[in-house]
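Here's the structure, in structure tokens; my notes come after.
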Amino acid sequence: MIEVNKLSRSFGPIVAVDNISFSMTKGEVLGFLGPNGAGKTTAMRMLACFLRPDSGTAKVCGYDILEEALQVRQNIGYLAENAPSYDEMTVGSFLNFICDCRQINNPEREKALDKAVKMCSIESVYHQSIETLSNGYRRRVGLAQALIHDPPVLILDEPTDGLDPNQKYEIRQLIKNMSKEKCIIISTHILEEVEVVCSRIIIITNGKLLVDSTPKGLKEEHSASLDEVFRKITCKR
Amino acid sequence: MNGSLAVFKRELKSYFATPVAYVFLVIFLFFSGYLPFRQGFFEIRQADMRLFFSNLPLLFVFMVPCTAMRLWSEERKSGSIELLLTLPITVSQAVWGKFLASWFFMIIALLLTIPMPITIIYLGNPDVGAMLTGYLGSFLMVGGFLAIGCFFSSITKNQVISFILSVTVLSILVYAGMPTTLNYLSSFLPAGMVSAIETMSFLSHFESIQRGVIEFKDIAYFILLIIGWIYACIVILNERKVS
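These protein sequence lines map, in sequence, to chains A and B.
Be aware that the first sequence starts at 23, since it is given in our numbering, and climbs by one per residue.
Be aware that the second sequence starts at 4, since it is given in our numbering, and climbs by one per residue.
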């Protein structure tokens, strides 16, 4: 469902993503790991058609990110870093705006709203304006926004950052439940999360893809915990 | 729903969800009413709105960038541009949606000055046609101002910078058409160049529409101005989406 082909992008002299290739099929949950500034966000932004790659390309659900950006965006649910949204809007009007943009009209809209609101358990803040919400609720609103059109591909940039342990657990459960029908990419710094939800791990450092394996395989190969493996691989350079 | 329409609706609502719209409307309505009275609106004993319209360009030089500066700068600053431009809408749909919302807002502001023409019609026997073309001219002119503001808002995430840049460019385009500037320029520039500068300015086009003469060249000037600056805005946003 996702085919990344030699994707590269640099900002001035800094090479953020350097020649990355991988592919994913339905049912996979990919943990996108790497130290800060490794290029995870840049790579995800390119997949979500926000940034243009300098070279290389990728296909999402068969659509090219350069040629058919609109179709790609239709098939992706994207939660950007820090879950940006419009502060002055209420949660309800924000989600309705997303439905407007995604051309989800009644009667499907009501169902979609119902489902997304329930999944992310934001019923209690539905009529509150987003600027009054706590960090955790904001992120859940962002997640609801990404899920509302039931996309086949989900790209989540640090979806559990800033959540309390209960919320983290809920979000992980949510991702696990969806994983069979979808293709999900998650970037995170929480390695226990990777062990719980991810079926595959990619580690990048300085924009280069270093490891493409499974959590289990990686642990067995190095016979150490994921934490230690991560440190071993990323501290080498 | 079309992407532009969705963005348009959201943008327009956001003006009224924050105090921005109300503060702006009050200040704008106060000055647009106060200035003509100061200049002798009643004393000249003429039933027309020339004094009202002649103050608009200078008022807009400062007021329009206030509404336009936030259009894209704020999106960049808060990061919501990443949300907006990863939704299945094109950059040009988003830009047009936002621009048209701000234009519509300014048209509402202008329409709220309606007590002025009503007073004149009640007191005297004015040329209603000229009033209508005056409003048409103001709508077009404010569209041009907004397009320029929208462009400068798209190049930076700092609202202050975007405000200053658009005020500067708008002042140049307004002052270039003032008689004093043209007199000065004609002292050392050839006549052809002076008239070229005059036709580049807002003022000559606005004044001829406001007098009741609707000419193709004046309408075309504003339409081309809007399309040109908005296109430049789309190009900028396509090239540079982050910061």
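Note that CB positions come from ideal geometry on N, CA and C, so glycine has one too.
Just so we're clear, the structure is a prediction, and the values are computed from it rather than from any experiment.
- Around the CB of Leu115 (chain B), fewer than 16 other CB atoms lie within 10 Å, so the residue is classed as exposed.
- Residues of chain B with a Cβ closer than 7 Å to the Cβ of Tyr100 (chain A) are, in chain order, Thr89.
- Not a single C-beta of chain B is nearer than 7 Å to the C-beta of Phe44 (chain A).
- At least one beta carbon of chain B lies nearer than 7 Å to the beta carbon of Ala70 (chain A).
- Counting C-beta atoms within 10 angstroms of its own C-beta, Arg160 (chain A) has 16 or more neighbours from the protein chains shown and is therefore classed as buried.
- Contact check for Ala71 (chain B) against Gly127 (chain B) fails: the beta carbons are separated by 7 Å or more.
- The three-state reading of DSSP puts Val39 (chain A) in strand, counting E and B together.
- Counting of Cβ neighbours within 10 angstroms places Lys140 (chain A) among the exposed residues, the total staying below 16.
- Secondary structure note for Asn157 (chain A): its alpha helix (DSSP H) is the uninterrupted segment 157-169.
- DSSP, reduced to helix, strand and coil, places Leu73 (chain A) outside both helices and strands of the structure shown, so it counts as coil.
- Annotation: Ser43 (chain A) to Asp234 (chain A) spans about 10 Å, alpha carbon to alpha carbon.
- Using a Cβ-Cβ cut-off of 9 Å, Arg243 (chain B) is close to nothing in chain A; its nearest Cβ partner there is about 10 Å away.
- In this structure Tyr25 (chain B) is exposed. Its beta-carbon is surrounded by fewer than 16 other beta-carbon atoms within 10 angstroms.
- When DSSP states are grouped into helix, strand and coil, Thr70 (chain B) belongs to the helix group.
- Not a single CB atom of chain A sits nearer than 7 Å to the CB of Thr159 (chain B).
- At least one beta carbon of chain B lies nearer than 7 Å to the beta carbon of Pro106 (chain A).
- Straight-line measurement puts the Cα of Asn127 (chain A) at about 16 Å from the Cα of Val10 (chain B).
- Per DSSP, Ile117 (chain B) lies in no beta strand (DSSP E) segment and is marked neither H nor E.
- Among the residues of the stretch 118-131 of chain A, those with a Cβ less than 8 Å away from any Cβ of chain B are Phe119, Ile120, Asp122, Cys123, Arg124, Gln125, Asn127, in the order of the chain.
- Under the three-state reduction of DSSP, Val175 (chain A) is assigned to strand.
- Where Lys244 (chain B) is concerned, there is no enclosing alpha helix (DSSP H), because DSSP gives it neither an H nor an E.
- Taking Asp86 (chain A) as the centre and dropping the five residues before and after it, the same chain places the C-beta of Thr79 closer than 7 Å to its C-beta, in chain order.
- Taking 7 Å as the CB threshold, Ser17 (chain B) lines the interface with chain A.
- In the three-state scheme derived from DSSP, where H, G and I count as helix and E and B as strand, Phe33 (chain A) is classed as strand.
- Judged by pairs of C-beta atoms under 8 Å, the stretch 61-74 of chain A does not touch the stretch 110-120 of chain A, as fewer than three such pairs exist.
- As a beta-bridge residue in DSSP terms, Ile226 (chain A) pairs with A:Leu231.
- Around Leu74 (chain B), no beta-carbon contact reaches into chain A at under 7 Å, the shortest distance being about 13 Å.
- Remark: fewer than three beta-carbon pairs, one from each stretch, lie closer than 8 Å, so the stretch 171-182 of chain A and the stretch 143-150 of chain A are not flagged as touching.
- Glu201 (chain B) and Ser190 (chain B) have their C-alpha atoms roughly 14 Å apart.
- Against chain B, the beta carbon of Leu165 (chain A) has no neighbour under 7 Å; the closest one sits roughly 12 Å away.
- As DSSP reads the structure, Ser83 (chain B) sits in no beta bridge.
- For Ile208 (chain A), the enclosing beta strand (DSSP E) has its first and last residue at 205-209.
- If only uninterrupted beta strand (DSSP E) runs of at least 3 residues are considered, those enclosed by the stretch 72-126 of chain A are 77-82, 98-101.
- The DSSP-derived three-state label of Lys28 (chain A) is strand.
- Residue environment: Val51 (chain A) is assigned as buried (16 or more neighbouring CB atoms within 10 Å of its CB, all protein chains considered).
- Any Cβ of chain A closer than 7 Å to the Cβ of Gly137 (chain B) would place that residue at the interface, and such an atom is absent.
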